[in-house]
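The opening position of the sequence shown corresponds to residue 1 in my numbering, with each subsequent residue numbered one higher. Ideal Cβ placement from N, Cα and C applies to all residues, glycine included. Report on the following structure.
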Amino acid sequence: MGKIALITGASKGIGRAIALGLAGDKFDIWLNYKSDHSAAEKIKSEIEQMGQSCTLIPFDVCDAQAVEDTLSPLLEENVPYALINNAGFARDTLFGLMANDDWSQVLDVHLNGFYHVTRKLAPHMQRQRKGRIVNISSTSGQTGVPGQVNYCTAKAGLIGATKALAKELAKRNVLVNAVAPGFIETSMTEHLISDDYLKAIPMARTGKSEEVAGCVRFLCSDMASYITGQVIAVNGGIYM
Ligand code: NAP
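Next comes the structure, spelled out in structure tokens:
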């Protein structure tokens, strides 16, 4: 049995690219998503064609019981080497207009989602004295963006969690880092692309999911064996 990577929110976008990239690096994949079964099935067959196994594990990362019920039996058999906390979405609106649900659902998916899945896996990784956890944060969590107080709060919180957990787990050789993507072309951003955004990016273009996946693949590789507690930006220079 080779190394396993669990990626949350991997039915599309950045998570999909990470799953395919890590499969290319010979990881077997536990592929989480919430609702898009047909997209997940398609990725599963792409991964299997690459010669790796892919176990579909649909659950809502906000649902502690669903996380427990799905992962407990799997963890009796195997422990993933890598966990990528990627599931998420934005609910952009000005703070004065923000509904309670816009606030709580965004914090829930990014922060409680991170908590439920990582809390389940980290003790197993500690016992094995090896592992990599990569949290997908955002430039928004580093700079603050108007209209995204909820999302910026969640993504900045994930950076704090990354650093604290990195310090807790370092002696057990479990390395914890964050990747902070800038403006990446996915379904989350398709309605946002405009010349104003592009003008603000020194590289004058949006990023591709595969460019974020490249950084995650590096952090999950033997080449990143002395890197922990870091936030690595993949943002075309928009925040330095
Ligand atoms: P996306 O294309 O909309 O994909 C989101 C993925 O998350 C889907 O697979 C979706 O599953 C899954 N998901 C959503 N809620 C979930 C839940 N409660 N439980 C489990 N899975 C859930 O988004 P993306 O742009 O790739 O974003 C991926 C991550 O990167 C997010 O954390 C996002 O905040 C972050 N990010 C994105 C950008 C960007 O520019 N795109 C920049 C910085 C950071 P289903 O579709 O199956 O329901």
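For residue i, which of helix, strand or coil comes out of DSSP?
i, result
"Gly-237", "coil"
"Leu-242", "Missing from the structure shown is residue 242; the chain here goes from 1 to 240 and no further."
"Ile-57", "coil"
"Arg-16", "helix"
"Pro-181", "strand"
"Asp-36", "coil"
"Ala-99", "coil"
"Ala-204", "coil"
"Asn-85", "strand"
Return yes when the C-beta of residue i is under 7 Å from any heavy atom of the ligand NAP, and no when it is not.
i, result
"Tyr-226", "no"
"Ser-138", "yes"
"Ala-87", "yes"
"Met-203", "no"
"Asp-69", "no"
"Tyr-115", "no"
"Asn-32", "yes"
"Val-109", "yes"
"Val-216", "no"
"Asp-101", "no"
"Phe-27", "no"
"Lys-42", "no"
"Val-106", "no"
"Cys-152", "no"
Determine the direct distance from the alpha carbon of residue j to that of residue i, and round the result to whole angstroms.
i, j, result
"Lys-155", "Ser-194", "23 Å"
"Ala-5", "Ser-225", "16 Å"
"Ala-166", "Val-117", "16 Å"
"Thr-55", "Thr-206", "31 Å"
"Glu-190", "Ile-7", "22 Å"
"Met-125", "Asp-196", "44 Å"
"Gln-243", "Val-106", "What the structure shows of the chain is the stretch from 1 to 240, and residue 243 is not part of that stretch, so it cannot be assessed."
Should residue i be labelled buried (16 or more other beta-carbon atoms within 10 Å of its own) or exposed?
i, result
"Asn-235", "buried"
"Leu-241", "Residue 241 is absent from the structure shown; the chain starts at 1 and stops at 240."
"His-37", "exposed"
Heavy atom of the ligand NAD less than 7 Å from the Cβ of residue i, yes or no?
i, result
"Lys-12", "The ligand NAD is not part of the structure shown, which contains the ligand NAP as its ligands."
Report task. Give a yes or no on contact between the segment 14–31 and the segment 214–230, applying the rule of three or more CB pairs nearer than 8 Å. Result -> yes
Query raised in the report: Does the segment 75–91 come close enough to the segment 37–54 that 3 or more CB-CB pairs lie under 8 Å?
Result: no
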